[in-house]
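J.: In the working numbering, the protein residues as written are 62 to 389.
C-beta atoms are modelled at their ideal positions from N, C-alpha and C, and glycine is treated no differently.
Computed from a predicted model, the values in this text were never measured in an experiment.
I'd like to ask some things about the structure below.
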Ligand code: ASP
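See below:
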């Protein structure tokens with residue numbers, strides 16, 4: 062190597078040394094530079110999966126990278142949520158959680174391997190999802206009053222499908238069952254996507270599910286809807302009465318889905334993800350798809366990470382006195 066080359070090489074080394082002294086952020090190109098994984102804690106085709114796919118397809122356009130949905134099932138969504146809590150906090154692994162995984166599971170699982178508030182950064186609330194009381198098409202009761210009488214009289218025979226202990230379908234039907242003072246057999250699935258298939262097929266009797274899953278089936282006449290557990294009827298299902306109208310006002314339930322990242326995800330990454338989610342919720346096509354499925358799109362003020370943090374806190378407080386540890 063001649064002197065000239067040595068000087069050049071030394072200069073290159075010095076430049077490299079200088080570069081590595083720069084803060085990590087200045088070295089790394091702007092997030093995201095590769096595909097993002099969105100963990101969905103239930104089977105494909107259910108409400109969490111459907112809402113995630115609608116919103117992340119738009120977010121991917123904004124972020125300029127694909128968002129790959131990974132359905133990780135088991136234990137009412139808590140298997141996936143544990144995995145997400147332990148994922149690298151670099152913005153490349155996220156989770157679409159919900160009222161079950163990020164609130165009701167806390168009192169239900171005393172040994173839960175994560176805490177929704179301590180182990181996650183809230184990104185954005187995506188949708189509110191009213192709960193409906195649904196049954197297989199040929200279930201004998203004609204309306205909610207008959208349903209209440211029938212399930213009380215036949216509690217040993219009827220069964221209720223759900224998506225595992227701690228899932229929305231489980232927790233909301235537990236609430237319904239406590240209002241009716243019954244304890245029917247529960248039939249667990251990996252999500253209410255497959256649970257809905259079983260309801261349509263008549264293999265299970267009834268289910269409490271998020272509206273997103275129910276609208277296409279109710280409209281198609283493949284299942285029955287007794288009532289929606291919100292104070293008002295839903296525009297996507299104008300003929301379905303509220304629980305109040307149908308005679309069971311004590312049963313009120315609305316779930317939600319939201320995006321979370323592992324704790325410690327950089328604030329600038331959180332800001333980018335939140336902005337992309339907010340933009341998606343303002344998109345006409347995204348809105349139409351969510352509204353057609355009966356979702357309630359959060360107003361702008363309720364789309365901030367701070368607002369989602371407050372929701373998680375209040376939902377944990379709300380469900381703690383209502384649900385007992387699993388097995389009790
Ligand atoms: N919503 C879940 C799903 O997407 C199931 C549940 O929580 O009941 O399948």
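When the Cα of residue 291 is compared with those of 369, 272, 280, which residue comes out closest?
T.: When each option's Cα is compared against that of residue 291, the closest is 272.
J.: Which value, in whole angstroms, describes the spacing of the CA atoms of residue 334 and residue 182?
T.: Their Cα atoms are separated by approximately 11 Å.
J.: Give every residue of the same chain whose Cβ lies closer than 7 Å to the Cβ of residue 175, excluding the five residues on either side of it in the sequence, and list them in chain order.
T.: Here the set comprises 142, 143, 146.
J.: Taking residue 375 as the reference, which of 244, 167, 338 has the closest Cα?
T.: Measuring from the Cα of residue 375, the nearest candidate turns out to be 167.
J.: Using three-state DSSP, classify residue 117 as helix, strand or coil.
T.: Correct three-state label for residue 117: helix.
J.: Which residue marks the beginning of the alpha helix (DSSP H) containing residue 278, and which one marks its end?
T.: It spans 272 to 281 - the alpha helix (DSSP H) in which residue 278 sits, taken as one unbroken run.
J.: Can the beta-carbon of residue 243 be found less than 8 Å from the beta-carbon of residue 216?
T.: Yes, these two residues count as a Cβ contact at 8 Å.
J.: Taking one C-beta from the region 126 to 138 and one from the region 224 to 237 each time, how about it: are there three or more such pairs within less than 8 Å?
T.: The region 126 to 138, when compared against the region 224 to 237, does touch it at the 8 Å Cβ threshold.
J.: Going by Cα to Cα distance, which pick from 156, 101, 169 is closest to residue 133?
T.: Of the candidates 156, 101, 169, the one whose C-alpha sits nearest the C-alpha of residue 133 is 101.
J.: From residue 83 to residue 324, what distance separates their C-alpha atoms?
T.: The pLDDT assigned to residue 83 is 40, lower than 50, so where the model puts this residue is not dependable, and the model offers no usable value.
J.: Apart from the five residues on each side of it in sequence, which residues of its chain come closer than 6 Å, Cβ to Cβ, to residue 253?
T.: If we look at residue 253 and ignore the five residues flanking it on each side, its Cβ neighbours are 107, 224, 230, 270, 274.
J.: Roughly how many whole angstroms lie between the Cα atoms of residue 373 and residue 336?
T.: Going from the Cα of residue 373 to the Cα of residue 336 covers about 20 Å.
J.: Roughly how many angstroms separate the alpha carbons of residue 340 and residue 347, rounded to a whole number?
T.: C-alpha separation (whole angstroms): 10 Å.
J.: Can you give me the C-alpha to C-alpha distance between residue 218 and residue 190, rounded to a whole angstrom?
T.: The alpha-carbon atoms of residue 218 and residue 190 are separated by roughly 29 Å.
J.: Enumerate, from N- to C-terminal direction, the unbroken alpha helix (DSSP H) stretches of 4 or more residues contained entirely within the region 210 to 253.
T.: For the region 210 to 253, whole alpha helix (DSSP H) runs of length 4 or above, ordered along the chain, are 229 to 241.
J.: Using CA coordinates, which residue listed in 159, 96, 154, 294 is at the minimum distance from residue 111?
T.: If we check each option's Cα against that of residue 111, 159 comes out closest.
J.: Looking at C-beta atoms only, is the number of pairs between the region 292 to 312 and the region 124 to 132 that lie closer than 8 Å three or more?
T.: The region 292 to 312 vs the region 124 to 132: no contact.
J.: Taking residue 322 and residue 184 to be in contact with their CB atoms under 8 Å, please state how far apart those CB atoms are, rounded to whole angstroms.
T.: With 8 Å as the limit, residue 322 and residue 184 qualify as a contact, their Cβ atoms being about 6 Å apart.
J.: Examine ligand 1 and report whether any of its heavy atoms sits within less than 7 Å of the Cβ of residue 116.
T.: No, since every heavy atom of ligand 1 falls outside the 7 Å radius drawn around the Cβ of residue 116.
J.: Under the DSSP definition of a beta bridge, which residues are partnered with residue 122?
T.: In the DSSP output, where bridge partners are listed per residue, residue 122 has none listed.
J.: Helix or strand or just coil, what does DSSP make of residue 354?
T.: Residue 354 falls in the coil class under three-state DSSP.
J.: For a quick check, are the C-beta atoms of residue 297 and residue 188 less than 8 Å apart?
T.: Cβ distance not < 8 Å, so residue 297 and residue 188 don't count as in contact.
J.: Whole angstroms is fine: what's the gap from residue 148's alpha carbon to residue 154's?
T.: Their Cα atoms are separated by approximately 6 Å.
J.: Please go through the same chain and pick out, in chain order, the residues whose beta-carbon is closer than 6 Å to the beta-carbon of residue 257, but skip the five residues on each side of it.
T.: The residues are 274.
J.: Beta strand (DSSP E) containing residue 183: first to last residue?
T.: Element bounds for residue 183: 181 to 197.
J.: Three-state secondary structure (DSSP) at residue 323?
T.: Three-state result, residue 323: strand.
J.: Can you grab the Cα-Cα spacing for the pair residue 311 / residue 268, in whole Å?
T.: Cα-Cα distance, rounded: 17 Å.
J.: What residue from 92, 359, 385, 287 has the CA that sits closest to residue 150's CA?
T.: Of the candidates 92, 359, 385, 287, the one whose C-alpha sits nearest the C-alpha of residue 150 is 92.
J.: To the nearest angstrom, how far is it from the Cα of residue 236 to the Cα of residue 313?
T.: Going by the C-alpha atoms only, they are around 9 Å apart.
J.: To which residues of the same chain is residue 284 closer than 8 Å at the C-beta, ignoring the five residues directly before and after it?
T.: Same-chain partners within the cutoff: 195, 196, 197, 198, 257, 260, 261, 275, 278.
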